[in-house]
Amino acid sequence: MAPLLEVKNLHYYYGNIHSVKGIDLYVDEGEIVTLIGANGAGKTTTLQTISGLTSPRGVRGEILFKGKPIQRLRGNRVVGLGLMQVLEGRHIFAKLSVEENLLTGAYLRKDAAGIREDLGEVYALFPRLLERRAQLGGTLSGGEQQMLAIGRALINKPRMMLLDEPSLGLAPLIIKEIFIAIKKINSEGTTVLFVEQNSKIALATASRGYVLQTGEVVMHNTCENLLNNEDVKKAYLGM
Amino acid sequence: MTRKKTLLMAALAAAALIVIYLFLVNHAPIKLRRLALTGVMLGCIYGLIALGYSLIYKASGLMSFVQGDIMTIGAFLGLTFFTFFRGLFGTGEEGESNVGTFILSVLLTTAFAFLFGILLEKGTIRKLLNKNVMAIYVVLATIAISYIIQNGAQIIWGGIPLPVPSVFTVLFVQVIGVRIQPEMVLCVILSAGCMIMLHFFMTRTRMGTSLRAAAMDAKAAEACGIDVSLSTGLTWGMAAGLAAIAGILVGPIYGVYTMLGANIGRKGFSAAVIGGYGNMYGAMLGGIILGLAETFVAGYASSTLKNLIAYILLIAFLFIKPTGIFNERAIQDV
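In the order they appear, the protein sequences are chains D and B.
Per numbering that gives the first Met the number 0, the first sequence starts with residue 0, numbered consecutively.
Per numbering that gives the first Met the number 0, the second sequence starts with residue 0, numbered consecutively.
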């Protein structure tokens, strides 16, 4: 069976800067996969290019989602296909309430009753959002904002969710909570690809991993094997 | 919580209005009452223009100098439609009521202006932004377009101010004991109606919320499936529609001429700053404050000072409180 997401020889150019240099990767339906690597390895650019959030002029190569090429589509079209991204740095709508933020994630859905139901499910997953539903997004703590960002993507019932640095700037306890939620979302059927600088938690959460270095995939294996790899241990796990 | 806050503010505003009303009716001399009414009327017009500036700033981070000239187009177009429909439906008799045809003209003019606003954004602003030019060049382009419209209007409609036929059969109505043109009352009612409708559209509908979301964070909005490019175009369209409504509403009061919008448009900018540049409610309040300030200066000091007060207030606010009454941070954090 063809993978749900397949990236073939992807390049990205920011003007003259060649930041992604021929990446190949795939994610099968139901999988949870991670991209790890140092700052500037091209993780965010790769993810945003998949979601159509980078300028299409800089993209070379092919991105197939459900077998269809999507590398020329704008971001809002990609969302319509069932691929949603939780952006790095959360990008909460600061002056919309928590509930408005969530409902904005369901912008493309037309079934009001279904949206209500899924709103309930998001609140069930993150009860703290229910407590703060009328509060403005900008007044939430970092952890709550991350929950809101994930909830905003989840409410659209995506076939696949991309997450960019979900642990960024959060306290260890909150990070744990966030990753438990991500695993739960995955176990309920959403395919997940996430980028993470915290390699330890990334490899503990995902089933497969890609290691990126200066815009290229230097290693690809199951997380179990990556955790036991001496180079990975030294470079990314600090052992 | 936010809803409670809005309700509280609305209640406070209503209470303040009642107090002002009672004061005016029972204690104020007739001159003060007259000035207050004119000020509110003028303030509504400034408010409509200022709203457009704020919407555009929020959606694109830009300042458009075309706003005032769209008002001029609105005034001329409104007059053209109004005259046409009066000929079509009316009997042409002196003193007949034209409210229906006037409303029809308002709607048509607004629709045209809305399309013009979208075309302006899609055809020029977006094209320039896609070339990655600096924001200042886009603003300069709007100045050029503004002059093109002013001179174009002069070519089409001529340089002489045109009178607009009266809308109502009566020449005067009594409001708080002052005789004023009924068109002024219509102007206030329709402007207030527009503002209230805009408020509910922006805060209570999915479409409006998505427009606000796109203005707050374009990338996040796109990641939610919102067509940000379309949202920006619609917002420019709404700004243009509001300006055109302002134009057609002042037509019967001041007459219609090519510099109408340029003069009022510049002051509307000042109103937007007073209220808090980029804040919808600030734009409305700033407009009313400016309208009142202007008419009171004209009434109690001198009418030559009248045209200065908008700019004095503008500079004063920029120095003392650049975030305006609603404390809107116009300058983005980098």
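Quick reminder that beta carbons are idealized off the backbone N, C-alpha and C, glycines included.
Which one of D/Ile177, D/Gly104, D/Glu176 and D/Cys222 has the shortest CA to CA distance from D/His90?
-> D/His90 has its Cα closest to that of D/Gly104, out of D/Ile177, D/Gly104, D/Glu176 and D/Cys222.
Out of D/Glu98, D/Lys20 and D/Val6, which has the shortest C-alpha to C-alpha gap to D/Asp12?
-> Correcting the residue identity first, residue 12 of chain D is Tyr in this sequence and not Asp. Ranked by how close their Cα comes to the Cα of D/Tyr12, the residues D/Glu98, D/Lys20 and D/Val6 have D/Lys20 in first place.
Would you mind telling me which residues of chain D sit closer than 8 Å to B/Met215, beta carbon to beta carbon, in chain order?
-> Correct list: Phe92, Ala93, Lys94 and Leu95.
Measure the CB-CB distance between B/Phe88 and B/Ala152 and report whether it falls below 8 Å.
-> No.
Tell whether a beta-carbon distance below 8 Å holds between B/Ala292 and B/Leu312.
-> Cβ distance < 8 Å, so B/Ala292 and B/Leu312 count as in contact.
Compute the beta-carbon to beta-carbon distance between B/Phe81 and B/Val163, rounded to the nearest angstrom, for a pair I have assumed lies under 8 Å.
-> Rounded, the Cβ-Cβ distance is 7 Å, consistent with contact.
Straight-line CA distance for D/Gly36 to D/Tyr235?
-> Taking the straight line joining both Cα atoms gives about 8 Å.
For B/Glu182, I'd like the list of residues in its chain whose CB is within less than 6 Å of its CB, leaving aside the five on either flank, ordered along the chain.
-> Around B/Glu182, the same chain offers Val166, Pro251 and Ile252 as residues with beta carbons nearer than 6 Å, after the five sequence neighbours per side are excluded.
Thinking D/Thr33 and D/Ala148 are a contact (beta carbons under 8 Å), I'd like their distance in whole angstroms, please.
-> By a beta-carbon distance limit of 8 Å, D/Thr33 does not contact D/Ala148. Their separation comes to about 18 Å.
Skipping 5 residues on each side, what residues in its chain have a beta carbon closer than 7 Å to that of B/Glu327?
-> Once the five neighbours on either side are set aside, the close Cβ partners of B/Glu327 are Gly275, Tyr276, Gly277, Asn278 and Gly281.
Could you check the C-alpha separation between B/Ile155 and B/Gly264 for me, to the nearest Å?
-> Each residue's Cα considered, the two are about 21 Å apart.
Provide the residue span of the beta strand (DSSP E) that contains D/Met218, from first to last.
-> From DSSP, the beta strand (DSSP E) with D/Met218 extends over Glu215 to Thr221.
DSSP three-state call for B/Gln180: helix, strand or coil?
-> Looking at B/Gln180 - three-state DSSP - the assignment turns out to be coil, as it is neither helix nor strand.
Using alpha carbons as the reference points, say which of D/Asn220, D/Leu226 and D/Gly214 lies closest to D/Ile16.
-> The shortest Cα separation from D/Ile16 among D/Asn220, D/Leu226 and D/Gly214 belongs to D/Gly214.
Once you ignore the five residues that flank B/Met206 on each side, which residues in its own chain have a CB closer than 8 Å to its CB?
-> If we look at B/Met206 and ignore the five residues flanking it on each side, its Cβ neighbours are Phe200.
Assumed close pair D/Gln84, D/Leu46 - CB separation to whole angstroms, cut-off 8 Å | That belief holds up - the Cβ atoms of D/Gln84 and D/Leu46 are roughly 7 Å apart, short of 8 Å.
For B/Thr294 versus B/Gly38, is the C-beta distance shorter than 8 Å?
-> Cβ distance < 8 Å, so B/Thr294 and B/Gly38 count as in contact.
Please decide whether D/Met83 counts as near chain B, where near means a Cβ-Cβ distance under 8 Å.
-> At least one chain B Cβ lies under 8 Å of D/Met83.
Please report the Cβ distance between D/Leu124 and D/Ala180, rounded to the nearest whole angstrom; I am assuming they are in contact, meaning their Cβ atoms lie under 8 Å.
-> About 6 Å separates the Cβ atoms of D/Leu124 and D/Ala180, confirming a contact at the 8 Å cut-off.
For the ligand ATP, any of its heavy atoms closer than 7 Å to the Cβ of B/Gly224?
-> This structure simply doesn't include the ligand ATP, nor any ligand for that matter.
Roughly how many angstroms lie between the CA atoms of D/Gly74 and B/Asp216, to the nearest whole one?
-> Their backbone Cα atoms lie some 14 Å apart in a straight line.
Going by C-alpha distance, which of D/Gly29, D/Gln212 and D/Asn8 is nearest D/Ile22?
-> Looking at D/Gly29, D/Gln212 and D/Asn8, the one whose alpha-carbon comes closest to that of D/Ile22 is D/Asn8.
Contact set for B/Ile144: own chain, Cβ-Cβ below 6 Å, skip 5 residues either direction = For B/Ile144, where only same-chain residues beyond five positions count, the Cβ hits under 6 Å are Val65.
Listed in chain order, which residues of the region 197-222 of chain B have Cβ atoms closer than 8 Å to some Cβ of chain D?
-> Those would be Arg205, Thr208, Ser209, Arg211, Ala212, Met215, Asp216, Lys218, Ala219, Ala220, Glu221 and Ala222, in chain order.
Can you tell me whether DSSP reads D/Arg59 as helix, strand or coil?
-> D/Arg59 falls in the strand class under three-state DSSP.
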